[in-house]
Amino acid sequence: MEPLSEKAEEVLESLWVMTVEGDQVGCLLADLQIEADAGELKDLLQRAFVEIRDKRVFLRREGESEARMAVRRHRLAERLTMDILGIAGEEGNEQACVFEHLLRQGVDTKLCTLLNHPSTCPHGNPIPPGDCCTEARRSGSPGIVPLTELKAGESGGIAYLAASDDKKMQKLMSMGVLPGSDIALMQKFPSYIFKVGHSQFAVDESLALQIHVRR
Amino acid sequence: MSESSSALPKVILVGHPNVGKSVLFNALTGAYATVSNYPGTSVEISSGNCLIHEQRYEILDTPGMYSLMPITEEERIGRQILLNEGPHVVVHVIDARNIERMLPMTLQLVEAGLPIILVVNILDEAERLGMKLDLELLQQRLGVPVIGAVMKRKIGLEELFATIRDYRVCPHKVFVYRDDLEQDLAVVASLLRGGYRLSRRAMAMLLIQGDEDIRQLVQQQEDAAGHGELVEVLREIRFRRRADLHLQIGMERRHVSRQMLDGVVIQTRVAEESFGEKLSAWMMNPLTGIPLLLLVIYFGLFQFVGVFGAGTLVDFLEGFLFEEYINPSVITISETYFTAEWLFELIAGEYGVWTLGVRYAVALVLPIVGSFFLVFSILEDSGYLPRLAMMLDRIFKKIGLSGRAVIPMVLGFGCDTMATLVTRTLETSRERVISTLLLALAIPCSAQLGVILGLLSSAPSALAVWTVFLLGAFLLVGVLADRLLPGERPVFYMEIPPLRRPQLYNVGVKTLMRMKSYFLEIFPLFIVASVILWAGKMTNTLDLVIAALSPIVRAIGLPTEATTAFVFGFFRRDFGAAGLYDLQMAGVLSVTQLTVAAVTLTLFVPCVAQLLVMFKERGFRIAVAIFVFVTSFAFSAGWLLNRILVGTGLLL
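Chains A and B supply the protein sequences, listed in that same order.
Everything in the first sequence is counted per my numbering, starting at 1 for the first residue and increasing by one.
Everything in the second sequence is counted per my numbering, starting at 216 for the first residue and increasing by one.
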């Protein structure tokens, strides 16, 4: 079957957000900003992903998986544009909307693995897990996370440093923070305190975010 | 830059912060140190002499350094010393507990071809942590003398003396990096033809890392053609290595030092958490840390500095010693010998050199500032200050500063002038400007604080208004400065050294050093101030200034008499406050007026000494800008507060 159109994917995403994550029972055509005879709606009806009763659109069980994956692709795209490409604000949102439609045929899996199976989007909403996430969890893959994700008292090996500018890199290295060394996080608030070797250091979030740790 | 003048063979101490370098320095020089600015800079370098087997050496203590490639201004000066002075030996002091982290710097120093002695200090603590070190083996591998030490108890000092005396420079070992890096180093080193204190290999490494000072040095030393080629080669290497330059070099050095330490360090057991570590955790957890901070403020500042220093000590010196014994005899002598009116006035008159200058400096200000410095030195030596910095970093970020700026701010409550000097330890000039501004505006020094607390203690509500208003001004101006000043936001990182019981000797030395520099730098200004005031009084210029200023003073709701306090406040912040004290005693001021006056005076222009330091440290333009802003802000705030208080009748 033909892949869904971009507009149809967006309808599914909105339905997912409002009905599955939100507390609405179906949603009004007006809320979706869509006419009853729109092409994408007809397509979705034909595939039996949605049904329309009165003026409300309902997500059917058959459409749930497709909707979940569309939301997943959207939020992964947000992670990509905002975290990796560093595009913030409205511009970031727009770019994410363009990117999400490119994440098909396994590209989402690759991106998800690259981003180390993130569980939330930059706005804090959950990213529905894909097979790759479940697999990573099952195989107990250690996962590499920024120091800020560790709990106080947790320790791990430094995997890599993400510092973009030389000054930050020099500061980290002067503290003995280098890939391959062990690091123990002792406290997270009001600043991050970690221990490398027998020395303790306090750093702020901007530096702690640069240190990526293998749990 | 000139070399230091002494012709004695030089011993330069280098090392990370908190490794016991100054303890070693004191052990070598017996603490007869002179602290002076390194030529052409504002970074203080301690130097002293040491007699070893009938040969005298000059010992130079450098600021703490994390690597040969500097991050802060202080590290830069430390490195300058290595570049400029021709030392007999360079003693690298490291902390045995952190040998793995600190040895890469030893490698850099050895690589630079400097005559190194490695002192592995704090061995006792390392043993307590279950570490055993085979320093013999390390010495073989490094190819330079290695000495184990506990400098606090002078263990290892004799061996260091003998090693310094017998030091012979021999060709150093070369530590080999991976092929690609070696090739780049070789190419760059082969293009260097000038004469340098550091080895070509070390120079090449620093050039590849993009060190700005070294680049300039090389530009001066090399001829134009050779330099052109060098620049091209460096550009190519730096571009090729753009992704991981510093990281790779760091990893290479760690690799070499891990090889060096293989079999040298044996961890026998894991130490239990000590009481010190528990206390440290309490200090850094806001839930327990804030109550502990309040305890420190109550006992350290309020009880010790306020009640004991400003109360008991001042009463004794001023009320007993000066009033009963010294002043009467000075006045008697003056009346007998200095019969001319102008001369009598100059010595023992209302604004006389003795009555105003010396008496204030010795009997009023010194006990307060001295007891503050004692408390500050205890806090500094115990390792509390970095923990405080860590707790306050988040709040300080809102005013454009990092937690690092907590230390000068705290020192400001002792003496703003000295604190302004200390702001140079901050990393960016933006932070230095903001902290200078806030010190000038909203941090009252201990002398002023003492008088103002005494002044307002009769009216607790006035004290509350004063506190709230100053805190508000501090935050408001800080937040505005953060919004308006261009530049990058600061990054906070700080080593948290282990807590330790303050050492009596260290605390004593630090307190005395601060009191000494306070006396040397500020005492003369007391005298100058009293002479100016005397001249002003004799020629009636003082009256003119007061007359010119009084409309402004009246505008903020104060009686004309208060103008004198403001004029005096410029010469010493606490003179001004003391002037208000006299007015309150005379019953001229209402509670509202007293509050407005106290707030305005605290915000008002810093004392002459601080202003001079501002010019010296921040330059003419910025100092003038801060001066103008602070003055106008102080009076506008005073005017506003007066309106609010009169309008609401809050303090009636």
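Positions of the beta carbon are idealized from the N, C-alpha and C atoms, including for glycine.
Fill in: Residues within the segment 150 to 165 of chain A neighbouring chain B, beta-carbon criterion of under 7 Å
Leu-161
Item to complete: Go ahead and pull the three-state DSSP assignment for Met-420(B).
Response: The residue you call residue 420(B) lines up with position 205 of the second sequence. Three-state result, Met-420(B): helix.
Worksheet item: So, helix, strand or coil for Cys-132(A), using DSSP?
Response: Numbered from its first residue, the first sequence carries residue 132(A) at position 132. Helix.
Fill in: Burial state of Ser-851(B), where buried means 16 or more other Cβ atoms lie within 10 Å
Along the second sequence, one-based indexing puts residue 851(B) at 636. Flag for Ser-851(B) reads exposed.
Discussion item. Does Gly-157(A) come out as helix, strand or coil in the three-state DSSP assignment?
Written reply: Counting from 1 along the first sequence, the entry for residue 157(A) is found at position 157. Reduced to three states, the DSSP call for Gly-157(A) is strand.
Fill in: Inside the segment 603 to 671 of chain B only - alpha helix (DSSP H) runs reaching at least 4 residues
621 to 627, 631 to 637, 644 to 657, 661 to 671
Practice prompt. Determine whether the Cβ of Ile-477(B) lies closer than 8 Å to any Cβ atom of chain A.
Written response: Mapped onto the second sequence, residue 477(B) falls at position 262. Rather than Ile, the amino acid found at residue 477(B) in this sequence is Asp. It does not: the Cβ of Asp-477(B) has no partner Cβ on chain A nearer than 8 Å.
Item to complete: Compute the beta-carbon to beta-carbon distance between Val-226(B) and Val-308(B), rounded to the nearest angstrom, for a pair I have assumed lies under 8 Å.
Response: Mapped onto the second sequence, residue 226(B) falls at position 11. Mapped onto the second sequence, residue 308(B) falls at position 93. Actually they do not touch by this definition, with Cβ atoms about 12 Å apart.
Worksheet item: DSSP on Asn-116(A), reduced to helix/strand/coil?
Response: For the purposes of this step, residue 116(A) is taken as the residue at position 116 of the first sequence. Coil, per DSSP.
Worksheet item: If the cut is a Cβ gap below 8 Å, which residues of chain B does Leu-15(A) touch?
Response: Counting from 1 along the first sequence, the entry for residue 15(A) is found at position 15. What Leu-15(A) touches in chain B: nothing, since even the nearest Cβ is about 41 Å away.
Worksheet item: Which class does Phe-498(B) belong to by DSSP, given the choice of helix, strand or coil?
Response: As a working mapping, residue 498(B) is identified with position 283 in the second sequence. What sits at residue 498(B) in the sequence shown is Met, not Phe. Helix, per DSSP.
Worksheet item: Which same chain residues, not among the five before or five after Ala-838(B), have their C-beta less than 6 Å away from its C-beta?
Response: Within the second sequence, numbered from 1, the residue matching residue 838(B) stands at position 623. Contacts found: Met-829, Phe-830.
Worksheet entry | Sequence-distant residues of its chain with Cβ nearer than 7 Å to Pro-179(A) (five each side left out) | Here residue 179(A) refers to the residue found at position 179 of the first sequence. Ile-158, Ala-159, Tyr-160, Leu-161.
Worksheet entry | Rounded straight-line distance, which links the Cα of Ala-555(B) to that of Val-743(B) | By 1-based counting over the second sequence, the position of residue 743(B) is 528. By 1-based counting over the second sequence, the position of residue 555(B) is 340. Their Cα atoms are separated by approximately 21 Å.
Practice prompt. Look up Glu-710(B) in the DSSP assignment and say whether it is helix, strand or coil.
Written response: Within the second sequence, residue 710(B) is the residue found at index 495, counting from 1. Strand at Glu-710(B).
Worksheet item: Would you say Glu-269(B) reaches chain A, if we count a Cβ-Cβ gap shorter than 8 Å as a contact?
Response: Taking the second sequence and counting its residues from 1, one reaches residue 269(B) at position 54. Glu-269(B) does not count as touching chain A.
Discussion item. Within the continuous alpha helix (DSSP H) that includes Asp-428(B), where are the two ends?
Written reply: Against the second sequence, residue 428(B) aligns to sequence position 213. Note, Asp-428(B): alpha helix (DSSP H), 427 to 436.
Worksheet item: Beta carbon of Ile-747(B), beta carbon of Ala-662(B): below 8 Å?
Response: For the purposes of this step, residue 747(B) is identified with residue 532 of the second sequence, where counting begins at 1. For the purposes of this step, residue 662(B) is identified with residue 447 of the second sequence, where counting begins at 1. Taking 8 Å as the Cβ cut-off, Ile-747(B) and Ala-662(B) do not qualify as a contacting pair.
Item to complete: Please list the residues of the segment 697 to 711 of chain B that have a C-beta atom closer than 7 Å to any C-beta atom in chain A, keeping them in chain order.
Response: Val-706, Phe-707, Tyr-708, Met-709, Glu-710, Ile-711
Worksheet item: When you compare each of Gly-629(B), Arg-343(B), Gly-665(B), Glu-397(B) to Leu-654(B) by their alpha carbons, which one comes out closest?
Response: Locating residue 654(B) in the second sequence gives position 439, where the first residue counts as 1. Out of Gly-629(B), Arg-343(B), Gly-665(B), Glu-397(B), Gly-629(B) has the C-alpha closest to the C-alpha of Leu-654(B).
Worksheet item: Would you call Gln-482(B) buried or exposed, if buried means 16 or more other Cβ atoms sit within 10 Å of its Cβ?
Response: Position 267 of the second sequence, counted from the first residue, corresponds to residue 482(B). Burial call: exposed.
Item to complete: Answer with yes or no whether the minimum CB distance from Pro-717(B) to chain A is below 8 Å.
Response: Here residue 717(B) refers to the residue found at position 502 of the second sequence. Answer no: the Cβ-Cβ gap between Pro-717(B) and chain A never drops below 8 Å.
Worksheet entry | is_contact[Lys-188(A), chain B] using C-beta, thresh 8 Å | Stepping through the first sequence from its first residue, residue 188(A) is reached at position 188. Lys-188(A) does not count as touching chain B.
Practice prompt. Please list the partners that Pro-179(A) has in chain B, where partner means a Cβ-to-Cβ separation under 8 Å.
Written response: Sequence index remark: in the first sequence, residue 179(A) carries index 179 (1-based). Ordered by position in chain B, the residues that pass the 8 Å Cβ test against Pro-179(A) are Leu-462, Met-466.
Item to complete: State the CB to CB distance for the pair Leu-338(B) and Ala-242(B), rounded to an integer number of angstroms; the pair is presumed to be in contact (CB under 8 Å).
Response: By 1-based counting over the second sequence, the position of residue 338(B) is 123. By 1-based counting over the second sequence, the position of residue 242(B) is 27. Contact doesn't hold; Cβ gap of about 15 Å is too wide.
Item to complete: Kindly list, in the order they appear in chain A, the residues whose Cβ is closer than 7 Å to that of Asn-313(B).
Response: For this step, residue 313(B) is matched to residue 98 along the second sequence. Neighbours of Asn-313(B) on chain A, chain order: Gly-197, His-198, Ser-199.
Worksheet item: DSSP state of Phe-513(B), grouped into three classes?
Response: Within the second sequence, the letter at position 298 stands for residue 513(B). Looking at the sequence shown, residue 513(B) is not Phe but Tyr. Of the three classes helix, strand and coil, the one that applies to Tyr-513(B) here is helix, per DSSP.
Worksheet item: Of all the CB atoms in chain A, is at least one closer than 8 Å to the CB of Tyr-281(B)?
Response: For the purposes of this step, residue 281(B) is taken as the residue at position 66 of the second sequence. Yes, Tyr-281(B) lies at the interface with chain A (some Cβ there is under 8 Å from its Cβ).
Worksheet item: When you compare each of Leu-318(B), Ile-362(B), Lys-347(B) to Ile-332(B) by their alpha carbons, which one comes out closest?
Response: Here residue 332(B) is taken as the residue at index 117 of the second sequence, counted from 1. Residue Ile-362(B) is the option with its Cα nearest to Ile-332(B).
Worksheet item: Once you ignore the five residues that flank Ile-370(B) on each side, which residues in its own chain have a CB closer than 7 Å to its CB?
Response: Walking along the second sequence from the start, residue 370(B) turns up at place 155. For Ile-370(B), where only same-chain residues beyond five positions count, the Cβ hits under 7 Å are Ala-364.
Worksheet item: Can you list the residues of chain B that Gly-176(A) reaches, using a CB-CB cut of under 9 Å?
Response: Here the question's residue 176(A) lines up with position 176 in the first sequence. Simply Asn-313, Glu-315, Arg-316, Met-317, Pro-319, Arg-469.
Worksheet item: If you draw a straight line from the alpha carbon of Ala-67(A) to that of Glu-91(A), how long is it in whole angstroms?
Response: In the first sequence, the residue the question calls residue 67(A) occupies position 67. In the first sequence, the residue the question calls residue 91(A) occupies position 91. Distance between the alpha carbons of Ala-67(A) and Glu-91(A) is about 24 Å.
Worksheet item: How would you label Leu-172(A), buried or exposed, when you count the other beta carbons within 10 angstroms and need 16 or more for buried?
Response: Position 172 of the first sequence, counting from 1, holds the residue named residue 172(A). Label assigned to Leu-172(A): buried.
Item to complete: Give a yes or no on whether the minimum CB-CB distance between Gly-618(B) and chain A is below 8 Å.
Response: Here residue 618(B) corresponds to residue number 403 of the second sequence, with the count starting at 1. Cβ-Cβ to chain A under 8 Å: yes for Gly-618(B).
Worksheet entry | Cutoff 7 Å; reference Val-694(B); Cβ partners in own chain excluding five residues on either side | What you label residue 694(B) is simply residue 479 of the second sequence in a count that begins at 1. Around Val-694(B): Lys-613, Ile-614.
Worksheet item: In this structure, what does DSSP give as the bridge partners for Val-305(B)?
Response: Reading the second sequence from its first residue, position 90 is the one you call residue 305(B). Beta-bridge pairing links Val-305(B) to Ile-227(B), Ile-331(B).
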